[in-house]
Structures are given as C-alpha cells and as structure tokens.
Amino acid sequence: MENFKEITLDDAVKLINENASIFKEEILDELNAFYDVAGKIVLSSGATALDNLVVGNDIVIINGDLTVTDTIEDCEGVDSSLLIVLGNVNCKNLITLSSMYITGDLNASNAVLGDSLCDYVLDVGGNIVTKTILDYGHCIAAEQSITVSNVFSFNSVSDKNGVIAQNLERDEMVDDIVEMDDDEKMENLWKTITYIKSGGEIFRESELQN
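Its first residue numbered 0, the sequence shown is counted upward by one per residue in numbering that gives the first Met the number 0.
If you want it as structure tokens, here you go:
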C-alpha cells in the first residue's frame with residue numbers, strides 16, 4: 000500500500016504505548032496474537048486519505064486520522080485480520096469480519112456491517128455516527144455515543160448508555176441483502192457486502208417506496 004511502511008513488532012508496541020489513548024492493553028494483546036500469524040505490520044503516519052482501504056494478511060496501523068472516500072473492509076483473502084487506527088475515521092462504509100480498534104470517532108455516512116461469528120470486536124473509543132448498523136454476528140461498541148437510524152443486531156451493539164435496541168427486523172430488510180428460508184427472510188452476508196460495495200444505501204423495504 001502506498002504511503003505505508005513496514006515496521007517491527009517492537010516498534011509497533013512502542014507506538015501503541017505512546018499514542019493509544021484508550022484500549023491500550025486490548026490492542027497490545029491483539030497485536031501480539033495476530034503478529035504470530037501475520038508476521039508483518041504496516042504503518043501510515045499522520046493524516047491518511049484513501050479511496051478505499053482493504054485489510055488482508057498484514058496488520059495495518061494508522062497513527063493519525065483516517066479518511067476513506069468509499070469503503071473500509073477487512074479479511075481480504077484471510078480468515079482474520081487486524082486494523083488499528085490511533086485517531087478518527089471518516090468513511091462511507093465500514094465492513095468488518097474481524098478485529099478493528101479505533102481510538103477516536105467513527106463516522107460512516109452510509110453503513111457499518113459486522114460479522115465474525117461473534118468472535119471479534121469493532122471497538123471505538125469515541126462516538127459512532129452512521130445511517131445503518133448491521134450486526135450479523137459481531138460485537139460493535141462505542142465508548143461514547145452511537146447515533147444511528149437503522150439497527151439490525153444479532154449479537155451486540157452498545158455504547159456508554161448500554162445496548163442499542165434493534166429497530167430493523169429481518170422481514171423489513173430489502174430483498175438485496177436477504178435470502179428466503181422457509182418463506183422467511185434471513186440476512187445474507189455476501190449479498191449484503193455486494194449491495195453495499197455497489198452503492199446500496201437503502202436497507203429498509205419501506206424506504207424504497209418513499
């Protein structure tokens with residue numbers, strides 16, 4: 000990735016200790032665990048602006064604010080991955096199937112989608128602001144407040160005030176993100192990812208008619 004450089008595990012640990020304002024122990028634990036598998040850490044220092052960010056085998060650390068025009072996504076070609084942002088994140092969509100830590104705010108203008116079979120977390124040290132959260136089996140947590148219009152939650156979406164109540168039911172979802180199972184709608188991860196990445200912004204069936 001352009002503007003990224005490889006750093007050692009020792010350098011990454013020092014960076015986290017000096018710059019992580021929150022989640023320090025959690026990040027260090029994940030960093031060591033993922034390094035045993037990945038074996039490579041790449042770093043971008045300072046404010047970072049990208050069209051898209053795709054995280055794969057390499058551990059990715061952003062030491063500063065991250066602005067992504069379109070989509071942040073992880074687990075490219077791997078079963079698990081790690082993204083650490085020591086700052087704020089602004090993007091259109093965030094799709095996570097593994098572990099992400101953001102020490103500042105997360106502003107995703109369209110959607111946040113998470114599914115790790117309930118194994119991993121998206122931890123945000125500040126606020127989360129987005130239009131739609133789709134928790135298909137993930138832990139999505141903000142240390143401050145979550146501001147969101149549509150929430151589907153299979154596992155856990157929470158902020159400083161507690162659990163965020165689900166207000167988007169399966170039978171209310173648009174057909175583009177579900178499959179039929181015994182005449183009932185069931186969320187479909189890969190259809191949802193395709194829909195989001197192709198520009199889909201409406202997740203509630205009734206909104207299509209407005």
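All C-beta atoms, glycine included, are put in the ideal place defined by N, C-alpha and C. A quick note: this is a predicted structure, and the numbers were derived from the prediction, not measured.
Ends of the alpha helix (DSSP H) at residue i?
{"i": "residue 164", "result": "Looking at the DSSP string, residue 164 is not in any alpha helix (DSSP H), and its letter there is neither H nor E."}
{"i": "residue 18", "result": "8-18"}
Where does the unbroken beta strand (DSSP E) through residue i begin, and where does it stop?
{"i": "residue 186", "result": "183-186"}
{"i": "residue 89", "result": "88-95"}
{"i": "residue 101", "result": "98-101"}
What does DSSP give as the partner residue(s) for residue i in the beta ladder?
{"i": "residue 132", "result": "111, 150"}
{"i": "residue 59", "result": "41, 82"}
{"i": "residue 173", "result": "Answer is none; residue 173 lacks a bridge partner."}
{"i": "residue 70", "result": "92"}
{"i": "residue 53", "result": "72"}
{"i": "residue 47", "result": "65"}
{"i": "residue 145", "result": "127"}
{"i": "residue 106", "result": "89, 128"}
{"i": "residue 178", "result": "185"}
{"i": "residue 140", "result": "122, 157"}
{"i": "residue 5", "result": "41"}
Only counting the same chain, and skipping five residues up and downstream in sequence, which positions put a Cβ closer than 6 Å to that of residue i?
{"i": "residue 176", "result": "190, 191, 194"}
{"i": "residue 64", "result": "46, 86, 87"}
{"i": "residue 100", "result": "22, 26, 83, 122"}
{"i": "residue 131", "result": "110, 149, 202"}
{"i": "residue 49", "result": "67"}
{"i": "residue 116", "result": "136"}
In chain order, what residues of the same chain have a beta carbon less than 7 Å from the beta carbon of residue i, not counting five sequence neighbours either side?
{"i": "residue 157", "result": "140, 163"}
{"i": "residue 114", "result": "96, 135, 136, 137, 188"}
{"i": "residue 37", "result": "56, 57, 58"}
Since residue i and residue j should fall inside the 8 Å C-beta cutoff, what is the C-beta to C-beta distance between them, to a whole number of angstroms?
{"i": "residue 171", "j": "residue 204", "result": "6 Å"}
{"i": "residue 31", "j": "residue 66", "result": "With a Cβ gap of about 29 Å, residue 31 and residue 66 do not count as contacting."}
{"i": "residue 81", "j": "residue 29", "result": "6 Å"}
Excluding the five sequence neighbours on either side, which residues of its own chain have a C-beta within less than 8 Å of the C-beta of residue i, listed in chain order?
{"i": "residue 39", "result": "5, 56, 57, 58"}
{"i": "residue 160", "result": "144"}
For this session: Taking 8 Å as the threshold, find out whether the stretch 127-145 comes into contact with the stretch 34-43 through three or more Cβ pairs.
Result: The answer is no - the stretch 34-43 does not touch the stretch 127-145, with fewer than three Cβ pairs under 8 Å.
Exercise. Is it true that the stretch 7-20 meets the stretch 49-57, where meeting means three or more beta-carbon pairs spaced less than 8 Å apart?
Worked result: Touching, no, given that fewer than three Cβ pairs across the two stretches are closer than 8 Å.
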